[in-house]
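The structure under discussion appears below in the form of structure tokens.
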Amino acid sequence: LKIGDDCPREVVDTALSTTFGIVGYSRSFSAPKELEAIHEAAREAIGEGPFAEGKGSFKVISRRADKSFPLTSYQLDVELAKTVHEVHPDLTVDVKNPDLVLYCEIRDKAYLYTTQKKGLGGLPVGSAGKGLLLLSGGLDSPVAGFLAAKRGVKMDCLYFHAYPYTSDEALEKVKTLASLIAPYLQGTRLWVAHFTEAQLQIKRTALENETTLMFRAAMMTLANRHSEWTGSQCIITGEALSQVASQTLEGLSFSDSFSEQLVLRPLIGMDKQEIMDLARKIGTYETSILPYEDCCVLFSPKHPLTRPDKAVATEHYNTMGIEPFIEEALSNLEVFHFNELGEIIEENRPTPNRLF
180 LKIGDDCPRE
190 VVDTALSTTF
200 GIVGYSRSFS
210 APKELEAIHE
220 AAREAIGEGP
230 FAEGKGSFKV
240 ISRRADKSFP
250 LTSYQLDVEL
260 AKTVHEVHPD
270 LTVDVKNPDL
280 VLYCEIRDKA
290 YLYTTQKKGL
300 GGLPVGSAGK
310 GLLLLSGGLD
320 SPVAGFLAAK
330 RGVKMDCLYF
340 HAYPYTSDEA
350 LEKVKTLASL
360 IAPYLQGTRL
370 WVAHFTEAQL
380 QIKRTALENE
390 TTLMFRAAMM
400 TLANRHSEWT
410 GSQCIITGEA
420 LSQVASQTLE
430 GLSFSDSFSE
440 QLVLRPLIGM
450 DKQEIMDLAR
460 KIGTYETSIL
470 PYEDCCVLFS
480 PKHPLTRPDK
490 AVATEHYNTM
500 GIEPFIEEAL
510 SNLEVFHFNE
520 LGEIIEENRP
530 TPNRLF
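The numbering of the sequence shown is our numbering, which starts it at 180 and goes up by one.
Laid out in structure tokens, this is it:
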């Protein structure tokens, strides 16, 4: 990958460090396949980064894809080791366990670089298809999106907003979370479903201990229709087995029954501490713990039903008259477009005939 001199190095480093499908990367210096030019490129490579301090031990590793190059790999190692000693005389050679490594690859040109930075690995985003992430303001869903993206899923995000029971600050928090994970997703769209009336209808008509289950069923119904419209092949959630009362096998099975799409739960076997650690790593933790509650928390019953009978619960759901409220929410979605840097580049409110 050739980078222009006018591109700041920190921008390049950020882009490479947030791109799935890259195992490792390093700044390299190219030179014609002539020994003196290779020596000069080596001086540049060891003049910065970990070599710059000139302390510790080192090793040279040369590889020749072009076997017509006149020196063997070992001979080139020896030549470049001399250059390292000229520039950093205090460095010692250690071929078994070096502190520093200078690499030289002979291809169409000579390429020299030092110790690689570790990339994210995984698969390129989009290589596995497209999904819809149910994004809330909590710790779990941004991490779930990160892990799904690592396996090659390109995704939009969907957030359920219940103003005025949830504040504008809660929405801003979710927008911030979307901006923080957007670089890993190679850009994304955040869809905002205004869900207040649907939740109030559930609150009016559902048994108190079933309200959380009914909220999730309604959300899954809306998400399923939205994913079909946007061409998503799966729905991604931040649920982990037995983490909260609604995330039992019976509860998850009930909510799954309201989606014709595949439901992915990347966190299903993770402990909360593991999720928190990964949230810190990807930079979403501090935003996720801000004290702005989402709609599920505010409408939660004191004693939620944890092991519903699917047939009975489905019958109860079908009597609540929730369908018009889901249609209304779908017809009034807002959308925010985020680029690969996490910046909002467009926002709008679709009209109903753009959805159906």
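In this text, a Cβ means the ideal position worked out from N, Cα and C, and glycines have one as well.
Here the structure is a predicted model, which is why all the values come from computation and not from measurement.
Buried or exposed, going by whether 16 or more other CB atoms sit within 10 Å of the CB of residue i?
{"i": "F535", "result": "The pLDDT assigned to F535 is 36, lower than 50, so where the model puts this residue is not dependable; a value taken from the coordinates is nonetheless given after this. Looking at its Cβ environment, which holds fewer than 16 other Cβ atoms inside 10 Å, F535 is exposed."}
{"i": "C336", "result": "buried"}
{"i": "H267", "result": "buried"}
{"i": "T530", "result": "With a pLDDT of 48 at T530, under the threshold of 50, the modelled position of that residue is not reliable, and no figure is offered here."}
{"i": "H405", "result": "buried"}
{"i": "G430", "result": "buried"}
{"i": "I468", "result": "exposed"}
{"i": "K261", "result": "exposed"}
{"i": "I182", "result": "exposed"}
{"i": "K297", "result": "exposed"}
{"i": "G203", "result": "exposed"}
{"i": "K275", "result": "exposed"}
{"i": "W370", "result": "buried"}
{"i": "P503", "result": "exposed"}
{"i": "G500", "result": "exposed"}
{"i": "T498", "result": "exposed"}
{"i": "V353", "result": "buried"}
{"i": "V263", "result": "buried"}
{"i": "P445", "result": "buried"}
Mapping DSSP to helix, strand and coil, what is residue i?
{"i": "I468", "result": "coil"}
{"i": "G308", "result": "strand"}
{"i": "I285", "result": "strand"}
{"i": "R242", "result": "strand"}
{"i": "A341", "result": "coil"}
{"i": "M398", "result": "helix"}
{"i": "D450", "result": "coil"}
{"i": "E519", "result": "coil"}
{"i": "D256", "result": "helix"}
{"i": "V423", "result": "coil"}
{"i": "M499", "result": "coil"}
{"i": "F199", "result": "coil"}
{"i": "S315", "result": "coil"}
{"i": "L379", "result": "helix"}
{"i": "I415", "result": "strand"}
{"i": "I461", "result": "helix"}
{"i": "E227", "result": "coil"}
{"i": "S406", "result": "helix"}
{"i": "D273", "result": "coil"}
{"i": "D185", "result": "coil"}
{"i": "D456", "result": "helix"}
{"i": "K234", "result": "coil"}
{"i": "K333", "result": "strand"}
Who are the near neighbours of residue i in its chain, counting only those whose CB is closer than 8 Å to its CB and skipping five residues on each side?
{"i": "I285", "result": "K212, S241, R242, R243, A244, D245, F248, L255"}
{"i": "T294", "result": "S205, G228, P229, L279, V280"}
{"i": "H495", "result": "A385, L386, E389, M393"}
{"i": "N532", "result": "Low confidence applies to N532: its pLDDT is 42, below 50, so where it sits in the model is not reliable, and the reading given next is rough at best. Cβ neighbours of N532 beyond the five flanking positions: none."}
{"i": "M455", "result": "L318, Y464"}
{"i": "L441", "result": "Q412, C413, I414"}
Looking at the unbroken beta strand (DSSP E) that takes in residue i, where does it start and where does it end?
{"i": "H373", "result": "367-373"}
{"i": "G430", "result": "Run containing G430: none in the beta strand (DSSP E); it sits in the alpha helix (DSSP H), 428-435."}
{"i": "L441", "result": "441-443"}
{"i": "F208", "result": "207-210"}
{"i": "G300", "result": "296-300"}
The alpha helix (DSSP H) that contains residue i, what's its start and end?
{"i": "E189", "result": "188-196"}
{"i": "E387", "result": "Unbroken run through E387: none, as it is neither H nor E."}
{"i": "E502", "result": "502-510"}
{"i": "F325", "result": "319-329"}
{"i": "K354", "result": "347-364"}
{"i": "L214", "result": "214-224"}
So, at 7 Å on beta carbons, what are the nonlocal neighbours of residue i in its own chain, with the 5 sequence-adjacent residues on each side left out?
{"i": "K451", "result": "Q422"}
{"i": "I201", "result": "L195, G298, L299"}
{"i": "S346", "result": "Y471"}
{"i": "S252", "result": "S241, R242, R243"}
CB-CB under 6 Å to residue i, same chain, minus the five flanking residues each way: which ones, in chain order?
{"i": "E526", "result": "F515"}
{"i": "I524", "result": "H516, N518"}
{"i": "L457", "result": "V322"}
{"i": "S411", "result": "K309, G310, L311"}
{"i": "H482", "result": "N388"}
{"i": "V191", "result": "I182"}
{"i": "Q365", "result": "V304, E519"}
For the ligand SAM, I want to know if residue i counts as a neighbour, meaning its beta carbon is within less than 7 Å of at least one of the ligand's heavy atoms.
{"i": "P187", "result": "No copy of the ligand SAM occurs in the structure displayed, which carries no ligand at all."}
Does the CB of residue i have a neighbour CB from chain C at under 8 Å?
{"i": "G500", "result": "The displayed structure is made up of one protein chain only, and chain C is not part of it."}
Query - Touching by the beta-carbon criterion (3+ pairs, under 8 Å), the segment 374-394 and the segment 335-343 - result: yes
Query raised in the report: Counting Cβ pairs, one atom from each stretch, are 3 or more of them under 8 Å apart for the segment 401-418 and the segment 378-389?
Result: no
Query raised in the report: Do the segment 434-447 and the segment 384-397 make contact, defined as three or more Cβ pairs closer than 8 Å?
Result: yes
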